[in-house]
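Here UniProt numbering is used: the first residue of the sequence shown is 1, the next is one more, and so on. For glycine and all other residues, C-beta sits at the position ideal for the given N, C-alpha and C.
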Amino acid sequence: MTFDALSPLGVVEAVSKLGAHKGHMRLDKVFFSAVSAGCLLAFACGTTLSTNATPWFQENAPGLMRTISALVFPYGLCMILLTGADLCTGSFMFTSVAALYRRLSWSRMLLHWAVTFLGNLAGSLFVVAIIFGCTHSTLASLLLYINMTNVELLHG
């Protein structure tokens, strides 16, 4: 019987090699990969929040809403995994193991951490700006419609 699984030491060795590879990537590539991961995770989080904000379900079936939210959020993590984007928590693990194995310098590890964190933050804030930008323009259109309706009602 053959097993293709790695031993625990083999897993750590593979993680350190992958961390060294990630740590030596070009910084612009790391940044844009981190931005895409931030966008994907913010999109999944926004979807989860919107499913939790349904008033009827909150009153009548709160357990169902929590179950749907628990099913909806992980798709963001799956999309990050499938696209190969850099989430900062994964970079923390991979590059720190590579630095401990001396395959990556500590300064390069910290630089990689900063770039992935700032990229994740930029991607998340970009999605938030899109969501709030759409909400405010929709809200402005709604307020304009209400004002015009009130003017028509007042003046006949």
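Item: Are there 16 or more other CB atoms within 10 angstroms of the CB of GLY23, so buried, or fewer, so exposed?; Value: buried
Item: Roughly how many angstroms separate the alpha carbons of LEU153 and GLY123, rounded to a whole number?; Value: Since pLDDT at LEU153 reaches only 49, below the 50 mark, its modelled position is unreliable, and the value read off the structure follows with that caveat. For LEU153 and GLY123, the distance between alpha carbons rounds to 45 angstroms.
Item: Give the secondary structure of THR95 by DSSP, where H, G and I count as helix, E and B as strand, and everything else as coil.; Value: helix
Item: Would the beta-carbon of ASN120 fall within 8 angstroms of that of ALA44?; Value: no
Item: Applying the criterion that 16 or more other CB atoms from any shown protein chain within 10 Å of the CB defines a buried residue, is MET93 buried or exposed?; Value: exposed
Item: From what residue to what residue does the alpha helix (DSSP H) around PHE43 run?; Value: 27–52
Item: I'd like to check one pair, VAL15 with VAL97: are the Cβ atoms closer than 8 angstroms?; Value: yes
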